[in-house]
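Asks: Numbering (full-length UniProt numbering), first residue to last: 1 to 273. Every residue, glycine too, gets a C-beta built ideally from N, C-alpha and C.
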(Lines of atoms letter the chains of each structure in order from A; the text may use other names.)
(Lines give C-alpha, C1' and ligand atoms only; values in the text may rest on other atoms or scores of the structure.)
Protein backbone atom coordinates (compact mmCIF):
# COMPACT_ATOMS: atom_id res chain seq x y z
CA UNK A 1 0.00 0.00 0.00
CA UNK A 2 1.27 3.46 -0.92
CA UNK A 3 0.13 6.96 -0.01
CA UNK A 4 0.20 9.54 -2.79
CA UNK A 5 -0.29 13.30 -2.54
CA UNK A 6 -1.00 15.46 -5.59
CA UNK A 7 -1.01 19.21 -6.18
CA UNK A 8 -3.84 21.33 -7.55
CA UNK A 9 -5.77 19.61 -10.36
CA UNK A 10 -7.65 22.66 -11.65
CA UNK A 11 -9.45 20.44 -14.14
CA UNK A 12 -6.26 18.83 -15.49
CA UNK A 13 -7.66 15.31 -15.50
CA UNK A 14 -5.42 13.84 -18.19
CA UNK A 15 -2.25 14.73 -16.30
CA UNK A 16 -3.60 13.21 -13.11
CA UNK A 17 -4.39 9.91 -14.81
CA UNK A 18 -0.97 9.84 -16.48
CA UNK A 19 0.67 10.35 -13.08
CA UNK A 20 -1.37 7.58 -11.49
CA UNK A 21 -0.55 5.26 -14.36
CA UNK A 22 3.16 5.88 -13.79
CA UNK A 23 2.93 4.41 -10.31
CA UNK A 24 0.27 1.78 -11.10
CA UNK A 25 -2.11 3.35 -8.62
CA UNK A 26 -4.65 0.83 -7.36
CA UNK A 27 -7.60 2.17 -5.31
CA UNK A 28 -8.06 -1.16 -3.56
CA UNK A 29 -4.53 -0.90 -2.14
CA UNK A 30 -3.32 2.71 -2.34
CA UNK A 31 -4.57 6.07 -1.08
CA UNK A 32 -4.66 9.40 -2.89
CA UNK A 33 -4.68 12.78 -1.14
CA UNK A 34 -5.35 16.03 -3.00
CA UNK A 35 -4.71 19.60 -1.84
CA UNK A 36 -7.93 21.04 -3.26
CA UNK A 37 -8.87 23.13 -6.29
CA UNK A 38 -10.09 20.09 -8.17
CA UNK A 39 -11.80 22.41 -10.64
CA UNK A 40 -11.51 25.67 -12.53
CA UNK A 41 -9.41 26.53 -15.56
CA UNK A 42 -8.61 23.12 -17.00
CA UNK A 43 -11.09 21.67 -19.48
CA UNK A 44 -11.93 18.49 -17.55
CA UNK A 45 -13.17 19.74 -14.18
CA UNK A 46 -16.20 17.47 -14.37
CA UNK A 47 -13.99 14.43 -14.91
CA UNK A 48 -11.81 15.44 -11.94
CA UNK A 49 -14.80 15.69 -9.62
CA UNK A 50 -16.26 12.40 -10.76
CA UNK A 51 -12.98 10.55 -10.50
CA UNK A 52 -12.05 11.71 -7.00
CA UNK A 53 -15.59 11.04 -5.79
CA UNK A 54 -15.49 7.55 -7.36
CA UNK A 55 -12.43 6.62 -5.29
CA UNK A 56 -14.51 6.44 -2.14
CA UNK A 57 -12.33 5.75 0.87
CA UNK A 58 -9.19 5.64 -1.27
CA UNK A 59 -9.53 9.30 -2.26
CA UNK A 60 -9.24 12.30 0.04
CA UNK A 61 -9.35 16.00 -0.79
CA UNK A 62 -9.53 19.27 1.07
CA UNK A 63 -11.48 22.25 -0.21
CA UNK A 64 -9.74 24.97 -2.17
CA UNK A 65 -10.88 28.48 -3.07
CA UNK A 66 -11.94 27.41 -6.57
CA UNK A 67 -13.98 24.54 -5.13
CA UNK A 68 -15.84 26.89 -2.80
CA UNK A 69 -16.37 29.35 -5.63
CA UNK A 70 -17.89 26.61 -7.77
CA UNK A 71 -20.39 25.83 -5.03
CA UNK A 72 -21.20 29.55 -4.78
CA UNK A 73 -21.87 29.74 -8.51
CA UNK A 74 -24.07 26.66 -8.27
CA UNK A 75 -26.18 28.57 -5.76
CA UNK A 76 -26.28 31.69 -7.92
CA UNK A 77 -24.28 33.70 -5.39
CA UNK A 78 -21.52 34.43 -7.91
CA UNK A 79 -21.08 34.10 -11.65
CA UNK A 80 -18.66 31.69 -13.30
CA UNK A 81 -15.33 33.38 -13.93
CA UNK A 82 -14.63 33.95 -17.65
CA UNK A 83 -11.48 31.82 -17.62
CA UNK A 84 -13.05 28.87 -15.80
CA UNK A 85 -14.10 25.81 -17.79
CA UNK A 86 -16.88 24.39 -15.65
CA UNK A 87 -19.94 24.58 -17.91
CA UNK A 88 -20.04 20.80 -18.30
CA UNK A 89 -20.52 20.46 -14.55
CA UNK A 90 -23.71 22.53 -14.58
CA UNK A 91 -25.32 20.42 -17.31
CA UNK A 92 -24.21 17.05 -15.91
CA UNK A 93 -26.97 14.69 -14.71
CA UNK A 94 -25.07 14.21 -11.45
CA UNK A 95 -24.56 17.97 -10.93
CA UNK A 96 -26.37 18.25 -7.58
CA UNK A 97 -24.85 15.02 -6.30
CA UNK A 98 -21.38 16.33 -7.08
CA UNK A 99 -22.06 19.69 -5.41
CA UNK A 100 -23.38 18.00 -2.27
CA UNK A 101 -20.33 15.74 -2.18
CA UNK A 102 -17.92 18.61 -2.73
CA UNK A 103 -19.25 20.86 0.03
CA UNK A 104 -18.89 18.03 2.53
CA UNK A 105 -15.13 17.72 2.01
CA UNK A 106 -12.84 18.95 4.82
CA UNK A 107 -10.64 22.03 5.04
CA UNK A 108 -7.94 20.14 6.96
CA UNK A 109 -6.82 16.52 6.97
CA UNK A 110 -4.65 15.27 9.82
CA UNK A 111 -3.10 11.90 9.04
CA UNK A 112 -1.92 10.80 12.47
CA UNK A 113 -0.22 7.59 11.32
CA UNK A 114 1.90 9.32 8.69
CA UNK A 115 2.14 12.53 10.73
CA UNK A 116 1.11 15.00 8.05
CA UNK A 117 -1.44 17.76 7.60
CA UNK A 118 -3.09 18.50 4.26
CA UNK A 119 -4.54 21.95 3.57
CA UNK A 120 -5.13 23.96 0.42
CA UNK A 121 -3.38 27.25 1.21
CA UNK A 122 -1.90 27.08 4.71
CA UNK A 123 -2.39 27.27 8.46
CA UNK A 124 -2.66 30.48 10.45
CA UNK A 125 0.59 31.56 12.14
CA UNK A 126 -1.52 32.16 15.26
CA UNK A 127 -2.87 28.61 15.56
CA UNK A 128 -1.59 25.50 17.29
CA UNK A 129 -2.72 22.11 16.00
CA UNK A 130 -5.78 21.83 18.22
CA UNK A 131 -6.95 25.31 17.24
CA UNK A 132 -6.42 24.60 13.53
CA UNK A 133 -8.46 21.39 13.74
CA UNK A 134 -11.21 23.05 15.76
CA UNK A 135 -11.44 26.00 13.37
CA UNK A 136 -11.64 23.71 10.36
CA UNK A 137 -14.41 21.77 12.05
CA UNK A 138 -16.41 24.97 12.69
CA UNK A 139 -16.61 25.76 8.99
CA UNK A 140 -17.01 22.15 7.88
CA UNK A 141 -20.05 21.68 10.11
CA UNK A 142 -21.80 24.65 8.50
CA UNK A 143 -20.89 23.63 4.95
CA UNK A 144 -22.36 20.19 5.63
CA UNK A 145 -25.58 21.65 7.04
CA UNK A 146 -28.65 23.13 5.36
CA UNK A 147 -27.43 26.64 6.26
CA UNK A 148 -24.29 26.66 4.12
CA UNK A 149 -25.51 29.20 1.56
CA UNK A 150 -25.45 32.10 4.01
CA UNK A 151 -21.83 31.38 4.84
CA UNK A 152 -20.81 31.30 1.18
CA UNK A 153 -22.60 34.60 0.52
CA UNK A 154 -20.48 36.26 3.17
CA UNK A 155 -17.03 34.75 2.57
CA UNK A 156 -15.92 37.14 -0.20
CA UNK A 157 -14.03 39.70 1.90
CA UNK A 158 -10.44 40.17 3.11
CA UNK A 159 -11.26 41.22 6.66
CA UNK A 160 -10.55 40.36 9.38
CA UNK A 161 -6.89 39.76 8.51
CA UNK A 162 -5.67 38.79 11.99
CA UNK A 163 -6.77 36.00 14.27
CA UNK A 164 -8.30 36.58 17.67
CA UNK A 165 -10.13 34.16 19.91
CA UNK A 166 -12.67 36.94 20.33
CA UNK A 167 -13.73 36.74 16.67
CA UNK A 168 -17.32 35.61 16.36
CA UNK A 169 -19.92 34.85 13.73
CA UNK A 170 -19.24 35.46 10.06
CA UNK A 171 -16.01 37.36 10.72
CA UNK A 172 -14.55 34.37 12.52
CA UNK A 173 -15.70 31.96 9.83
CA UNK A 174 -14.42 34.21 7.04
CA UNK A 175 -10.97 34.41 8.59
CA UNK A 176 -10.85 30.62 8.88
CA UNK A 177 -11.87 30.13 5.24
CA UNK A 178 -9.37 32.72 4.02
CA UNK A 179 -6.52 31.05 5.90
CA UNK A 180 -7.26 27.56 4.66
CA UNK A 181 -8.04 28.49 1.06
CA UNK A 182 -6.47 31.86 0.11
CA UNK A 183 -3.42 32.70 2.24
CA UNK A 184 0.09 33.06 0.78
CA UNK A 185 2.01 35.89 2.40
CA UNK A 186 1.73 37.47 5.84
CA UNK A 187 3.12 40.55 7.51
CA UNK A 188 5.56 40.03 10.38
CA UNK A 189 2.75 40.74 12.87
CA UNK A 190 0.86 37.72 11.40
CA UNK A 191 -1.69 39.78 9.47
CA UNK A 192 -2.73 38.16 6.20
CA UNK A 193 -1.99 39.66 2.79
CA UNK A 194 -4.16 38.71 -0.18
CA UNK A 195 -2.64 40.84 -2.94
CA UNK A 196 0.84 39.43 -3.45
CA UNK A 197 1.12 36.22 -5.49
CA UNK A 198 4.71 36.38 -6.72
CA UNK A 199 7.58 34.03 -5.81
CA UNK A 200 8.97 34.76 -2.33
CA UNK A 201 12.18 36.33 -3.65
CA UNK A 202 10.13 38.94 -5.53
CA UNK A 203 7.85 39.90 -2.64
CA UNK A 204 7.99 43.27 -0.85
CA UNK A 205 10.33 43.18 2.14
CA UNK A 206 7.49 43.64 4.63
CA UNK A 207 5.93 40.33 3.58
CA UNK A 208 7.00 36.79 4.35
CA UNK A 209 5.66 33.34 3.48
CA UNK A 210 3.16 32.10 6.03
CA UNK A 211 5.30 29.04 6.81
CA UNK A 212 8.35 31.19 7.62
CA UNK A 213 6.71 32.83 10.64
CA UNK A 214 7.55 31.81 14.20
CA UNK A 215 4.80 29.30 14.84
CA UNK A 216 6.09 26.12 16.56
CA UNK A 217 3.48 24.10 14.64
CA UNK A 218 5.32 24.84 11.39
CA UNK A 219 8.32 22.91 12.69
CA UNK A 220 6.45 20.19 14.57
CA UNK A 221 4.25 18.95 11.73
CA UNK A 222 4.68 17.92 8.12
CA UNK A 223 2.40 20.24 6.14
CA UNK A 224 1.32 19.55 2.55
CA UNK A 225 -0.38 22.35 0.64
CA UNK A 226 -1.05 23.75 -2.84
CA UNK A 227 -2.64 27.00 -4.05
CA UNK A 228 0.63 28.83 -4.75
CA UNK A 229 1.81 28.00 -8.27
CA UNK A 230 4.53 30.68 -8.22
CA UNK A 231 6.27 28.73 -5.44
CA UNK A 232 7.31 26.18 -8.07
CA UNK A 233 11.01 25.30 -7.64
CA UNK A 234 11.29 27.61 -4.58
CA UNK A 235 12.97 26.12 -1.54
CA UNK A 236 10.78 25.38 1.47
CA UNK A 237 11.65 23.88 4.89
CA UNK A 238 12.14 20.12 4.78
CA UNK A 239 8.77 19.44 6.45
CA UNK A 240 6.79 21.88 4.28
CA UNK A 241 5.65 20.41 0.95
CA UNK A 242 4.34 22.80 -1.71
CA UNK A 243 2.73 20.65 -4.40
CA UNK A 244 1.12 23.19 -6.74
CA UNK A 245 3.56 23.33 -9.65
CA UNK A 246 1.29 25.14 -12.09
CA UNK A 247 0.07 22.37 -14.34
CA UNK A 248 -2.88 24.47 -15.52
CA UNK A 249 -0.45 27.21 -16.53
CA UNK A 250 1.46 24.88 -18.84
CA UNK A 251 4.04 23.73 -16.30
CA UNK A 252 3.67 20.32 -14.62
CA UNK A 253 1.64 18.32 -12.11
CA UNK A 254 3.52 16.95 -9.11
CA UNK A 255 2.83 13.89 -6.98
CA UNK A 256 4.63 12.80 -3.82
CA UNK A 257 4.75 9.22 -2.57
CA UNK A 258 4.85 9.64 1.17
CA UNK A 259 6.52 6.41 2.23
CA UNK A 260 9.82 7.09 0.45
CA UNK A 261 9.34 10.81 -0.34
CA UNK A 262 9.77 10.17 -4.05
CA UNK A 263 8.36 12.76 -6.43
CA UNK A 264 6.69 12.03 -9.75
CA UNK A 265 6.00 14.70 -12.35
CA UNK A 266 3.83 14.94 -15.42
CA UNK A 267 4.31 17.83 -17.87
CA UNK A 268 1.13 19.65 -18.81
CA UNK A 269 -0.45 18.31 -21.98
CA UNK A 270 -2.08 21.68 -22.58
CA UNK A 271 -1.68 25.32 -21.54
CA UNK A 272 -5.01 26.81 -20.44
CA UNK A 273 -3.88 30.43 -20.16
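To the nearest angstrom, how far is it from the Cα of residue 214 to the Cα of residue 186?
Replies: 12 Å
Asks: Once DSSP output is grouped into helix, strand and coil, what is the label at residue 136?
Replies: helix
Asks: Which residue comes first and which comes last in the beta strand (DSSP E) that contains residue 4?
Replies: 3-6 is the span of the beta strand (DSSP E), which, as asked, contains residue 4.
Asks: On a CA-only basis, which of 109, 162 and 74 is nearest residue 94? Give me that one, please.
Replies: 74
Asks: Measuring straight from C-alpha to C-alpha, what distance separates residue 10 and residue 61?
Replies: 13 Å
Asks: What is the rounded straight-line gap between the Cα of residue 225 and the Cα of residue 199?
Replies: Computed Cα separation, rounded: 16 Å.
Asks: Under three-state DSSP, which class holds residue 157?
Replies: coil
Asks: Does the count of Cβ pairs from the stretch 227-243 and the stretch 202-218 closer than 8 Å reach three?
Replies: Yes, the stretch 227-243 touches the stretch 202-218.
Asks: Residues in its own chain within less than 7 Å of residue 15 by CB, not counting five upstream and five downstream?
Replies: 247, 253, 266, 268 and 269
Asks: Quick one: what's got a C-beta closer than 7 Å to residue 230's C-beta in the same chain, skipping five residues either side?
Replies: 197, 198 and 199
Asks: Is the stretch 72-90 in contact with the stretch 124-144, if contact means three or more CB pairs nearer than 8 Å?
Replies: They do not touch, by the three-pair rule.
Asks: Tell me whether the beta-carbon of residue 173 lies closer than 7 Å to the beta-carbon of residue 193.
Replies: no
Asks: For residue 1, count the other beta carbons within 10 Å of its own beta carbon; 16 or more makes it buried, fewer makes it exposed. Which is it?
Replies: exposed
Asks: Can you check whether the CB of residue 63 is closer than 7 Å to the CB of residue 42?
Replies: no
Asks: The alpha helix (DSSP H) spanning residue 47 covers which residue range?
Replies: 45-54
Asks: Which same chain residues end up closer than 6 Å to residue 104 when comparing Cβ atoms and leaving out the 5 residues on each side of it in sequence?
Replies: Hits under 6 Å: 144.
Asks: With the cut-off set at 7 Å, would you say residue 255 and residue 38 are in Cβ contact?
Replies: no
Asks: Sort 273, 149, 167 and 259 by Cα distance to residue 100 and report the nearest one.
Replies: 149
Asks: Can you tell me whether residue 116 is helix, strand or coil according to DSSP?
Replies: strand
Asks: Got a sec? Which residues, its chain only, sit under 6 Å from residue 4 by beta carbon, not counting five neighbours each side?
Replies: 32, 255 and 257
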